[in-house]
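For what it's worth, my numbering labels the leading residue of the sequence shown as 1, then goes sequentially.
Some notes on the structure that comes next.
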Amino acid sequence: MTAQPDTLTQFESTPSAASLHAITFERLLASRHTATVGIVQAYDATRQTVTVLPAIRKRFANGETAQFPALVEVPVAHYQAGGFVIHAAPVAGDPCLLIFSERSIDEWLIAGGDDVTAQDPRRFDLQDAVALLGLSPY
């Protein structure tokens with residue numbers, strides 16, 4: 001498979017429609033977050049939230065990388081059902097899986113878990129992470 005250029009300046013001639021679509025799609029995906037590994041920095045047992053530093057650096061089209069900012073007040077998803085919960089208090093250095101919600105979770109959190117219609121336009125944003133504990137490297 002031939003590598004696609006990351007920017008229009010990498011083309012020697014006029015780009016094809018397919019190449020323009022590929023570049024546009026890549027740029028759109030670059031601002032969307034789905035899931036990544038994080039490292040717990042701090043845990044708030046009262047609020048059941050963590051401060052997490054994403055462990056995988058962002059890579060830009062020009063090859064440069066940057067560390068994501070620490071994510072604060074990230075809800076921790078503990079395994080729970082039927083009135084029972086398995087609770088583990090993470091400590092600094094624990095790895096976790098960060099999942100980024102399709103829509104803003106703020107209104108849902110404020111409503112106490114009730115059904116809400118998202119008013120915030122955020123999608124797959126760093127602010128809408130949920131931490132799943134128990135992930136570990138091989």
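No residue lacks a Cβ here, since even glycine has one placed at the ideal position from N, Cα and C.
Examine the Cβ distances between the region 35-51 and the region 88-102 and report whether three or more of them are shorter than 8 Å.
At 8 Å Cβ cutoff, the stretches touch.
So what does residue 39 bridge to, in DSSP terms?
If you number the sequence shown from 1, residue 39 lands on position 39. 53 and 95.
Quick one: measure Cβ to Cβ for residue 131 and residue 72, integer angstroms, because I've assumed they're closer than 8 Å.
Here residue 131 refers to the residue found at position 131 when the sequence shown is read from its first residue. Here residue 72 refers to the residue found at position 72 when the sequence shown is read from its first residue. Contact doesn't hold; Cβ gap of about 12 Å is too wide.
What whole-angstrom Cβ distance do residue 133 and residue 88 have, given they're in contact under 8 Å?
Counting from 1 along the sequence shown, the entry for residue 133 is found at position 133. Counting from 1 along the sequence shown, the entry for residue 88 is found at position 88. 6 Å between Cβ atoms; contact.
Just to confirm before moving on: does the CB-CB distance between residue 49 and residue 85 stay below 8 Å?
For this step, residue 49 is matched to residue 49 along the sequence shown. For this step, residue 85 is matched to residue 85 along the sequence shown. No.
Quick one: what's got a C-beta closer than 8 Å to residue 94's C-beta in the same chain, skipping five residues either side?
For the purposes of this step, residue 94 is taken as the residue at position 94 of the sequence shown. Cβ neighbours of residue 94 beyond the five flanking positions: 39, 40 and 133.
How would you write the range of the beta strand (DSSP E) that residue 86 sits in, first residue to last?
As a position in the sequence shown, residue 86 is number 86, starting the count at 1. First-last of the beta strand (DSSP E) with residue 86: 84-86.
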